[in-house]
Structures are given as C-alpha cells and as structure tokens.
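Here the structure is laid out as structure tokens; the discussion comes afterwards.
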Amino acid sequence: MSPGRLLSRHRADLGAKWLVLVCAALAFLVLLLITILIFRDGFSALLEIGLGNFLFGTEWIPSAGKYGISTFILNSVFLTLGTLALAAPLGVGCAIFLAEVAPYRVRQAVRPATDLLVGIPSVVYGLVGMTLLCPLIADLSGGGSGHCLLAAIIVVTIMVLPTVVSISEDSLRAVPREYKEGALALGATHWQVIRKVMLPAARPGIVSALILGMGRAIGEALAAYMVIGNAFAMIHSPLDPARTLTSHIVGEIPEIAVGSLQFRALFATGIVLLVIILAFNSIGFITRRRS
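What follows is the structure in structure tokens.
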C-alpha cells in the first residue's frame, strides 16, 4: 500500500475518533446543563420552602405559600407498586412462555410484536386509556369519570411489560443448557425444571427487569396524567383520582410564571423524581451486571 493511501486511512481513522469524541462530549454537556438547571432552581426553592416542609407537607397551595409533595410521593409509590403487582406475573409468565413453551414460529411473531410496544409514544397509550379504559372503569364502578389510579396502573403496566418480558426472557435463555438437561435426566417434569431450576437461576435478571420497569413506572408522565384524574387529595381506593410527582409537574407547568417560587418548586419536585429514578435504574443495572 502506498504511503499516500496509508496517510489517507490514518486521517480518516483520526477524524472518526474525533467525531465520536465530539458527539459523546456534546451528549454529556447537554445532560450536565439540564442537571445544573434543575438543581439550581430546585435548590433555591428548597432553601426558601424548607426541605422538611417540602417532603413531608401534605398541601400544595401556592397562594398560601404551602408546597408539600408527600401526597404526590405516596401516590407515585402506590402507582409503582400497583404496576409491579400486575407486571411481575404477566411479564414473567410471558417470558417463560416465549423462552420455554412457545413454538418457534409463535416466538418469532410474538417477540418482535412485544418489542414494538416500546416504540409507541406515551400519548397513544394515554389516548387509548382515556377512550376505552376510563369509560369501562366508570361503567363497572357505577359512577365517576373512570379517571383514577387504577386506570393509570393498567396503562403504565402495559407500557412497562415489553421491558420486563424482554429482559426476563433473555435471563431465562442465558441459563446454561446443562442445568435443564441435568434436571430432566433426574426425572423432573418440564414445569418442575422451569420452577425449580430455570427461575432460580434467572432470578437476578428477572429482578433487574422488574426494578427497571418500576423506574419506568414512577417516571411516566403524559400517559399517567391523561388517565389518573389529577386530584390533590390522598386516595382511599384505587378508584379515586390521584396525582403523582410526574403528573403534578405536567399539570402545574402551564399555569405558573417562569421564575416564581411555584415554578422553582416544580424543579425541586423534579430533583426528588430524578433521585428516585436514578436509584431504581442503578439498582437494576447493578443487579443485571451481577446476573
């Protein structure tokens, strides 16, 4: 190869490295600027309101200077736990079906369809929930609009199922084949192999899938906002309208002045939400790495 060609290839390689470096630096810079903006306005609000009043206060009345988000935190926890209660059996059951039971052709059709659900915008889930699910809940409950915590739990469960199914199935498939063959050779039935060999071996990956799904559930904003009812009061049943951290931010933004204490208090709410989501994602990532 001629020296000129070698030099040209070297320049192209160097240019590609610099391009990748610049792209990575820009992505990091954007993330850093967003974080700085959130924490700058959020911390100033926390200093003015008081951390205890903000986290443990039960009333959000800007005209009275009350900015408490404990109700929204609890509602977010209820939404996440409800989603977990539905997504765990449905997601893990679907993963077992795809990994161990489904014929090849069925698996080849169902898995891409499941993955496709990830790309559907949140607003579409919310719209379907508003037009189909909420009226159904209203009819079955005998009154109300049907916009309630239960509707949000069902919608968000559908949204997190692809994540739970995908990671759980991959974890089941990653179990060494020798485990399954050894159990079958000892006389275990197929279901006994799944229950006593496959699931325990894949448990770290399944737990990781559920944790990541919970992080998605607590951070979902638009779809939950469209069906949850957005009431400020503490709920007493899943059929009550509620307001979570994310739906609170979405609902308050259009009504406030930029730079006001109420505006900055929403950034403080964003800090709380960011910390919770980062904790879920970090635990899920560590659990998956260990698996």
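If you're matching positions, the sequence shown starts at 376 in my numbering and goes up one per residue. Glycine is no exception: its CB is placed at the ideal position from the N, C-alpha and C atoms. Quick caveat, the model's predicted, so the values are computed rather than measured.
task = Assign Ala462 to buried or exposed, taking buried as 16 or more other Cβ atoms, counted over all protein chains shown, within 10 Å of its Cβ.
result = As a first step, residue 462 is located in the sequence shown; it is residue number 87 there, counting from the start. Looking at its Cβ environment, which holds 16 or more other Cβ atoms inside 10 Å, Ala462 is buried.
inquiry  = Along the chain, where does the alpha helix (DSSP H) containing Met534 start, and where does it finish?
reply    = Looking up residue 534 in the sequence shown gives position 159. Leu524 to Arg548 is the span of the alpha helix (DSSP H), which, as asked, contains Met534.
request  = Output the distance between the C-alpha atoms of Ile628 and Gln637, rounded to the nearest integer angstrom.
outcome  = In the sequence shown, the residue the question calls residue 628 occupies position 253. In the sequence shown, the residue the question calls residue 637 occupies position 262. Near 9 Å, if we compare the C-alpha coordinates of Gln637 and Ile628.
task = Below 6 Å CB to CB, which residues in the same chain sit around Met534 once its five sequence neighbours on both sides are set aside?
result = In the sequence shown, counting from the first residue as 1, residue 534 sits at position 159. These residues qualify, in order along the chain: Tyr500.
query = Secondary structure at Gly519, three-state DSSP: helix, strand or coil?
reply = Position 144 of the sequence shown holds residue 519. Gly519 falls in the coil class under three-state DSSP.
message = What does DSSP give as the partner residue(s) for Ala617 in the beta ladder?
response = Along the sequence shown, one-based indexing puts residue 617 at 242. DSSP output for Ala617 lists Gly604 as bridge partner(s).
ask   = Hey, quick one: how far does the alpha helix (DSSP H) through Ile581 stretch, first residue to last?
value = Walking along the sequence shown from the start, residue 581 turns up at place 206. Run containing Ile581: Leu574 to Gly594, per the alpha helix (DSSP H) assignment.
task = Have a look at Ala526 and Ala391 and give me their C-alpha separation to the nearest angstrom.
result = Your numbering for residue 526 matches position 151 in the sequence shown. Your numbering for residue 391 matches position 16 in the sequence shown. If I take the Cα positions, the gap works out to 49 Å.
query = With 16 as the cutoff for other CB atoms within 10 Å, does Cys398 come out buried or exposed?
reply = Here residue 398 refers to the residue found at position 23 of the sequence shown. Exposed, by the Cβ-count rule.
task = From the DSSP output, read off the bridge partner residues of Ile436.
result = Stepping through the sequence shown from its first residue, residue 436 is reached at position 61. Ile436 pairs with Lys441.
request  = Can you give me the Cβ contacts of Thr446 inside the same chain, cut-off strictly under 6 Å, excluding the 5 residues immediately before and after it?
outcome  = What you label residue 446 is simply residue 71 of the sequence shown in a count that begins at 1. Excluding residues within five positions, the ones whose Cβ falls inside 6 Å are Thr433 and Met609.
ask   = Exposed or buried, which one is Ile512 when buried takes at least 16 other CB atoms within 10 Å?
value = Here residue 512 refers to the residue found at position 137 when the sequence shown is read from its first residue. So Ile512 ends up on the buried side.
ask   = Quick one: any contact between the stretch 573–584 and the stretch 478–487, if contact means 3 or more CB pairs under 8 Å?
value = no
query = Can you name, in chain order, every residue of its own chain whose Cβ lies under 7 Å from the Cβ of Ala470, other than the five neighbours on each side?
reply = Looking up residue 470 in the sequence shown gives position 95. So the qualifying residues of the chain are Val540, Ser543, Glu544 and Leu547.
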